[in-house]
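Novice: The sequence shown runs 6 to 134 under my numbering. From the three backbone atoms N, C-alpha and C, an ideal C-beta is built for every residue, glycine too. Because the structure is a prediction, the values reported are computed rather than measured.
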Amino acid sequence: QICGLPEKPLENIRLSNIQINYRGGGTEAEGAKPYKELGTGYPEPMLLGRCPAYGLYVNHVNGLDLNQVTFKTDIPDYRPAVIMNDAQNVYIDHLIAPKLKGIALARFDNTKYITIINSPVFGNLNKQD
Numbered sequence: 006q007i008c009g010l011p012e013k014p015l016e017n018i019r020l021s022n023i024q025i026n027y028r029g030g031g032t033e034a035e036g037a038k039p040y041k042e043l044g045t046g047y048p049e050p051m052l053l054g055r056c057p058a059y060g061l062y063v064n065h066v067n068g069l070d071l072n073q074v075t076f077k078t079d080i081p082d083y084r085p086a087v088i089m090n091d092a093q094n095v096y097i098d099h100l101i102a103p104k105l106k107g108i109a110l111a112r113f114d115n116t117k118y119i120t121i122i123n124s125p126v127f128g129n130l131n132k133q134d
C-alpha cells in the first residue's frame with residue numbers, strides 16, 4: 006500500500022526492479038469492496054482488513070514511477086493487481102502480473118495523467134484526465 010491523505014498526498018515515489026510473490030487466493034468480492042481510510046491511523050494495514058488489490062493499492066499520491074515491477078501469486082487471485090485512487094502523474098513501464106480471464110488487472114479511480122508502456126497485460130495507456 007502507498008497511501009497518503011487527501012490533504013497531504015504522498016509525492017514522487019519510485020519503485021523499480023522488484024518482484025513480489027503473494028500467496029493469492031483473493032476473491033472477486035474482496036476486489037470490489039471499498040477500502041476505508043484511516044487518516045492518522047496509517048500505516049496500520051491490520052486495521053483495514055484484506056486489501057482489494059493483491060499487488061499494489063495506491064491512494065492520494067502525486068508522482069509515482071513503477072519500472073520493472075513484477076507481481077506473482079502462488080495460487081490464482083481474483084482481485085485486481087493494482088488499484089489507484091486519487092493518483093496523478095503516474096508512469097508505469099514494464100509491469101507484469103498474472104492475468105485471469107474476466108478479471109480486470111487494474112482499476113483507476115479519480116486518477117489523471119497516467120502513462121503505461123511496455124506492459125502487455127495492461128496494454129498501453131496515456132490518460133490525461
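Determine the burial state of residue 78: buried for a count of at least 16 other Cβ atoms within 10 Å of its Cβ, exposed for fewer.
Specialist: Buried: at least 16 other Cβ atoms inside 10 Å.
Novice: How should residue 115 be labelled, buried or exposed, when 16 other C-beta atoms within 10 angstroms of its C-beta is the threshold for buried?
Specialist: By the 10 Å Cβ count, residue 115 comes out exposed.
Novice: Which ranges would you report for the beta strand (DSSP E) in the region 51 to 116 if only whole runs of at least 3 residues count?
Specialist: The qualifying runs are 61 to 78, 87 to 101.
Novice: From the DSSP output, read off the bridge partner residues of residue 40.
Specialist: Looking at the DSSP assignment, residue 40 forms no beta bridge with any residue, so it has no partner.
Novice: Counting along the chain, where does the beta strand (DSSP E) carrying residue 24 start and finish?
Specialist: Run containing residue 24: 15 to 27, per the beta strand (DSSP E) assignment.
Novice: Among 25, 29, 56, 27, which has the Cα closest to the Cα of residue 37?
Specialist: Nearest C-alpha to residue 37: 56.
Novice: What residues are listed by DSSP as bridge partners for residue 32?
Specialist: Partner(s): none; residue 32 has no beta bridge.
Novice: Indicate whether residue 100 and residue 71 have their beta-carbon atoms separated by less than 8 Å.
Specialist: Cβ atoms of residue 100 and residue 71: closer than 8 Å.
Novice: Excluding the 5 residues preceding and the 5 following residue 21 in the sequence, name in chain order all residues of the same chain whose CB lies nearer than 6 Å to its CB.
Specialist: Same-chain partners within the cutoff: 72, 73.
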